[in-house]
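**Student:** Line by line, the protein sequences give chains B and G.
Residue 2 is where the first sequence starts when you use the numbering used here, and the numbers rise one by one after that.
Residue 43 is where the second sequence starts when you use the numbering used here, and the numbers rise one by one after that.
This structure is in structure tokens; I'll ask about it shortly.
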Amino acid sequence: MKRLLRHFHGGLRLPEHKKISMQELISEAPIPPRLILPLQQHIGEPAESLVSIGERVLKGQMIAEAKSFVSVPVHASTSGRIICIENRPIPHPSGLNAPCIILEADGKDETIDMQAHDYHHMEPAELRHLLRDAGIVGLGGAGFPSFIKLNPGPGNRVNTLLLNGAECEPYITCDAMLMQQRPHEIIKGLLVMKQALQAEHCIIAVEDNKRLAYTTLVNALEEHQPHKIEIIQVPTLYPTGGEKQLIKVVTGVEVPANNRPVNVGIVCHNVATAAAVYDATQGQPLISRVVTVTGDAVKHPRNLQVRFGTPFRFLLDQCGFDERAEIDLIMGGPLMGFKIADQQVPVIKTSNCVLSLKREPRRPAMPCIRCADCVLVCPVQLLPQQLYWYARAQDFDRIQDYHLFDCIECGACAYVCPSHIPLVNYYRFAKTEIWAQEEEKKKADLARQRHEFRQYRLERGKKENEERRQRKKELLKKTGNKSDDRDAQKTAIEAAMARVQARRAEQEQQRKNTDNLNLAQKKVIEEIEARRKKTND
Amino acid sequence: MFEAIFVLTALAIAFGLLLGYSAIRFKVKGDPVTDKIDAILPQTQCGQCGYAGCRPYAEAIANGEADINQCPPGGKVVIQALADLLGRDPVPLNEENGQHAEKTIVHIDEQLCIGCTLCIQACPVDAILGAAKQMHTIIDSECTGCNLCIAPCPVDCIYIVPVKRDISQWRWPRPETELEKPEADKS
Numbered sequence: 002m003k004r005l006l007r008h009f010h011g012g013l014r015l016p017e018h019k020k021i022s023m024q025e026l027i028s029e030a031p032i033p034p035r036l037i038l039p040l041q042q043h044i045g046e047p048a049e050s051l052v053s054i055g056e057r058v059l060k061g062q063m064i065a066e067a068k069s070f071v072s073v074p075v076h077a078s079t080s081g082r083i084i085c086i087e088n089r090p091i092p093h094p095s096g097l098n099a100p101c102i103i104l105e106a107d108g109k110d111e112t113i114d115m116q117a118h119d120y121h122h123m124e125p126a127e128l129r130h131l132l133r134d135a136g137i138v139g140l141g142g143a144g145f146p147s148f149i150k151l152n153p154g155p156g157n158r159v160n161t162l163l164l165n166g167a168e169c170e171p172y173i174t175c176d177a178m179l180m181q182q183r184p185h186e187i188i189k190g191l192l193v194m195k196q197a198l199q200a201e202h203c204i205i206a207v208e209d210n211k212r213l214a215y216t217t218l219v220n221a222l223e224e225h226q227p228h229k230i231e232i233i234q235v236p237t238l239y240p241t242g243g244e245k246q247l248i249k250v251v252t253g254v255e256v257p258a259n260n261r262p263v264n265v266g267i268v269c270h271n272v273a274t275a276a277a278v279y280d281a282t283q284g285q286p287l288i289s290r291v292v293t294v295t296g297d298a299v300k301h302p303r304n305l306q307v308r309f310g311t312p313f314r315f316l317l318d319q320c321g322f323d324e325r326a327e328i329d330l331i332m333g334g335p336l337m338g339f340k341i342a343d344q345q346v347p348v349i350k351t352s353n354c355v356l357s358l359k360r361e362p363r364r365p366a367m368p369c370i371r372c373a374d375c376v377l378v379c380p381v382q383l384l385p386q387q388l389y390w391y392a393r394a395q396d397f398d399r400i401q402d403y404h405l406f407d408c409i410e411c412g413a414c415a416y417v418c419p420s421h422i423p424l425v426n427y428y429r430f431a432k433t434e435i436w437a438q439e440e441e442k443k444k445a446d447l448a449r450q451r452h453e454f455r456q457y458r459l460e461r462g463k464k465e466n467e468e469r470r471q472r473k474k475e476l477l478k479k480t481g482n483k484s485d486d487r488d489a490q491k492t493a494i495e496a497a498m499a500r501v502q503a504r505r506a507e508q509e510q511q512r513k514n515t516d517n518l519n520l521a522q523k524k525v526i527e528e529i530e531a532r533r534k535k536t537n538d
Numbered sequence: 043m044f045e046a047i048f049v050l051t052a053l054a055i056a057f058g059l060l061l062g063y064s065a066i067r068f069k070v071k072g073d074p075v076t077d078k079i080d081a082i083l084p085q086t087q088c089g090q091c092g093y094a095g096c097r098p099y100a101e102a103i104a105n106g107e108a109d110i111n112q113c114p115p116g117g118k119v120v121i122q123a124l125a126d127l128l129g130r131d132p133v134p135l136n137e138e139n140g141q142h143a144e145k146t147i148v149h150i151d152e153q154l155c156i157g158c159t160l161c162i163q164a165c166p167v168d169a170i171l172g173a174a175k176q177m178h179t180i181i182d183s184e185c186t187g188c189n190l191c192i193a194p195c196p197v198d199c200i201y202i203v204p205v206k207r208d209i210s211q212w213r214w215p216r217p218e219t220e221l222e223k224p225e226a227d228k229s
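Structure follows, in structure tokens:
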């Protein structure tokens, strides 16, 4: 049966630059002397360190655990010693530092005891638990913990499990190479995911510029029949690899704004994630991934299986990096990736591509001429120029009326803009500003609440004091001069005195520090006691 | 003619009663404008505006006693929001009240603290933890940066520190382009 494919709005045909990194098969990258493992390599909360400095760890050992729900653990990429836990630059657009575990490799690459699981007979919840413990996150780029996406949630039924092999961004070829070389793992991983989701059928979507990947997968699938898996080719168009875009192309379903695909019965995962899921069922946690090292400044662009924590610079040097070239180092593709300032940042779970592009003089931005080219290419059917105006004017209410948060930041609008306006950066700026304002608002509300409560507490304290005084006054008035009360008071005082006497005597008895004294000392003490008695009398 | 007078009088009385009843029945407690203004103010409770806190300042604005430009922690953003709410023109911040600055919090040097509780009494949001003759400390997440605790401290052990920003709070900067130059902004 031939599936009828749809189109999403807009999109772009881009120069691919993919062949240059597909000349060689994926090879294992050497292990660097020191690995830098950030505690946060995914969307959500950072993991918390489990190791201490100086501790020896084995490859695959969990070195940081997930404490909150949206989080996954981190595992040691090789065997070695933990030399420190400190803030280091991580691959992030901010260029800021974040807590990392630094592991000194001992070169032995000793593994923990990895046991394959009999996943065929595991409950979906058990499978998700297994995948969480293996540290698996989406390897397509965003890095959302996979076990959450593999939970349809109450009331949702998953009809279609879609495996995303589109890889639409120029230069990046890690998924294509993976599909060519490890089709069986991908298909087996897909079946595990299907089991976890209780999905009805599965589709693997591959862009039609990856012929070899497609035919390899189709051939591999023959061995896995009679599972219902469909492999289809989708037209090459940027950004087909976007989750909602791919769903539209393959199934014709448009995922509504502010909804997740699972709400319409579809779940989408990356092909590399599927392979990682298979590895996890074989007992191997996520400790490495395929990374495309390519661009203008590397002599041998290719795909490498890289351990997490490998510094970018180490990786580039493996591929003949030209140190003197004037380049911008980018993690990800040329459109959605971001610049990396420090070449020592490590490869993390979301690093699909290390791209070095010749630094070109920045084209000066010109005023918007309202040509509406951006509107034509926007895959989400937004009005990029309106968004731009409001972002520039910092009118954050109006910009949300124009659905800023539906923007997937694919960069198509900025790519076609004849005025070279960095449109996406304006949207990113607006998004983070809005989040910050919301955060501030929450804090202000909390402060107001605390202030009002304090006000109330002080008021209440005053009132209570006043009441207590009043009560005492009245009590005094009522009982002030009665003689029997006097007697009662007297007996109470006497009783208290007797108690004090008794306690003193007891203390006297307990005083033991005079036991081992010589005669002279005892004599002095006796004299003092006599004097005290005299004065007391 | 008498019928007309009678009918009109009856109508007037009926409507008068209806209005009178609805005025009681649907009475709005408090001043909603004050609430709206209070919601915009940053709730630092610092008193730089000349009032005892954000709520009193909001009341003063609502009563027309205070201008909208007396809140230094809120700065331009708050003035703009107040102007939008009240239908006034935005005015620059009143310098007499202070300068707008990035948010800070305070930090107690616990080695020097003598446990006098004076700062606890000064804190408008109960963000200081401690007891008499016990070490005091600031709860960072609750501190609004009003600096009201600094003056009462007898041993000067409270310092202003910048708010720690980690990656999760990082914001994308406004793009630097030729369009952002002041002369371009004017056009």
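Think of the CB as a built atom: it goes at the ideal place given N, C-alpha and C, for glycine as much as any other residue.
1. To the nearest angstrom, report how far apart B/Leu-15 and B/Ile-84 are at their CA atoms.
2. Which residues in chain B sit within 8 angstroms of G/Glu-184, going by Cβ to Cβ distance?
3. The region 84-103 of chain G: which residues have C-beta closer than 9 angstroms to a C-beta of chain B, in chain order?
4. For G/Pro-134 and G/Leu-128, I'd like the C-alpha separation in whole angstroms.
5. Contact criterion: CB-CB distance below 8 angstroms. Does B/Glu-434 meet it with respect to chain G?
6. Using the three-state DSSP reduction, which class does B/Ser-563 fall into: helix, strand or coil?
7. Do you know whose CA, among B/Ser-352, B/Leu-192, B/Gly-334, B/Phe-315, lies nearest B/Ala-30's CA?
8. Could you tell me the boundaries of the beta strand (DSSP E) in which B/Val-291 lies?
9. Against chain B, does G/Leu-190 count as a neighbour if the rule is that its beta carbon must be under 8 angstroms from one of theirs?
10. Does DSSP put B/Cys-375 in a helix, a strand or coil?
11. Using 8 angstroms as the cut-off, can you tell me whether the region 108-117 of chain B makes contact with the region 44-56 of chain B, which would need three or more C-beta pairs spanning the two stretches below that distance?
12. Since B/His-301 is in the beta strand (DSSP E), which residue starts that stretch and which ends it?
13. For a contact meaning CB atoms closer than 9 angstroms, what does B/Phe-70 contact in chain G?
14. Chain G partners of B/Tyr-215, CB-CB under 7 angstroms?
15. Where do the ends of the beta strand (DSSP E) carrying B/Pro-90 lie?
16. For the candidate residues G/Pro-98, G/Glu-101, G/Gln-87, whose alpha-carbon lies nearest to that of G/Gly-116?
17. Run through chain B and tell me which residues come within less than 8 angstroms of G/Thr-219, C-beta to C-beta.
18. Among the candidates B/Gln-382, B/Leu-38, B/Leu-6, whose CA atom is the shortest distance from the CA of B/Val-348?
19. Rounded to the nearest angstrom, what separates B/Met-123 and B/Ile-54 at their Cα positions?
20. In the DSSP assignment, the alpha helix (DSSP H) including B/Ile-400 goes from what residue to what residue?
21. What is the rounded straight-line gap between the Cα of B/Leu-5 and the Cα of B/His-76?
22. Of all the CB atoms in chain B, is at least one closer than 8 angstroms to the CB of G/Asp-77?
23. Under 6 angstroms Cβ to Cβ from B/Gly-96, same chain only, skipping five residues before and after it: list those, please.
24. Indicate whether the contact test is met: 3 or more Cβ pairs, each with one atom in the region 56-72 of chain B and one in the region 211-221 of chain B, closer than 8 angstroms.
25. Is it right to say G/Asp-80 is buried, meaning 16 or more other beta carbons lie within 10 angstroms of its own, or is it exposed?
26. In its own chain, which residues sit with a C-beta less than 6 angstroms from the C-beta of G/Ser-229, not counting the 5 before and 5 after it?
27. Do you know whose CA, among B/Pro-365, B/Glu-495, B/Asn-210, B/Ile-205, lies nearest B/Ala-221's CA?
28. Among G/Arg-216, G/Asn-111, G/Thr-159, G/Glu-218, which has the Cα closest to the Cα of G/Cys-235?
29. Just the Cα atoms here: how many angstroms apart are B/Arg-79 and B/Gly-136?
30. Counting C-beta neighbours from all protein chains within 10 Å, is the total for G/Asp-227 16 or more, i.e. buried, or is it exposed?
31. For B/Ala-413, which residues from the same chain have a beta carbon less than 6 angstroms from its beta carbon, with the 5 sequence-adjacent residues on both sides left out?
32. If you count every other CB in all the chains shown that lies within 10 Å of the CB of B/Tyr-389, and 16 or more means buried, which is it?
33. Quick one: give me the first and last residue of the beta strand (DSSP E) that B/Arg-35 is part of.
34. Is the shortest distance between the beta-carbon of B/Ser-50 and the beta-carbons of chain D less than 8 angstroms?
35. Does the beta carbon of B/Leu-1 come closer than 8 angstroms to any beta carbon on chain G?
36. Please tell me whether G/Lys-228 has its Cβ less than 8 angstroms away from any Cβ of chain B.
**Tutor:** Here's the rundown:
1. 45 angstroms
2. Leu-447, Ala-448, Arg-451
3. Pro-84, Gln-85, Thr-86, Gln-87, Gly-95, Cys-96, Arg-97
4. For G/Pro-134 and G/Leu-128, the distance between alpha carbons rounds to 16 angstroms.
5. yes
6. This structure leaves residue 563 of chain B out entirely; chain B is present only between 2 and 538.
7. B/Phe-315
8. Per DSSP, B/Val-291 belongs to the beta strand (DSSP E) from 289-296.
9. No, its Cβ sits nowhere closer than 8 angstroms to a Cβ of chain B.
10. Three-state result, B/Cys-375: helix.
11. In short, these stretches do not touch, since the Cβ pair count stays below three.
12. Neither: B/His-301 is in no beta strand (DSSP E) and is coded neither H nor E.
13. Among the residues of chain G, none has a CB under 9 angstroms from the CB of B/Phe-70; the nearest is roughly 16 angstroms distant.
14. Those do not exist, as B/Tyr-215 stays about 38 angstroms from chain G at its closest Cβ, beyond 7 angstroms.
15. 81-90
16. Among G/Pro-98, G/Glu-101, G/Gln-87, the Cα nearest to that of G/Gly-116 is on G/Gln-87.
17. Pro-365, Ala-366, Ile-422, Pro-423
18. B/Leu-38
19. 37 angstroms
20. 397-402
21. 43 angstroms
22. no
23. Ala-342
24. no
25. buried
26. With a pLDDT of 36 at G/Ser-229, under the threshold of 50, the modelled position of this residue cannot be trusted; read the value that follows with caution. If we look at G/Ser-229 and ignore the five residues flanking it on each side, it has no Cβ neighbours.
27. Nearest option by C-alpha distance: B/Ile-205.
28. Chain G is shown only over 43 to 229; residue 235 of chain G falls outside these bounds and no answer can be derived.
29. In the sequence under discussion, the amino acid at residue 79 of chain B is Thr, which differs from the Arg named in the question. Approximately 15 angstroms, taken between the alpha carbons.
30. Caution is warranted here: a pLDDT of 43 is assigned to G/Asp-227, below 50, making its placement in the model unreliable, and no coordinate value can be reported.
31. Leu-13, Val-378
32. B/Tyr-389 comes out buried.
33. 35-39
34. The structure shown contains no chain D; its protein chains are B and G.
35. Nothing about residue 1 of chain B can be read from this structure; chain B reaches only from 2 to 538.
36. Caution is warranted here: a pLDDT of 38 is assigned to G/Lys-228, below 50, making its placement in the model unreliable, and the coordinate value is therefore given only provisionally. So, not an interface residue.
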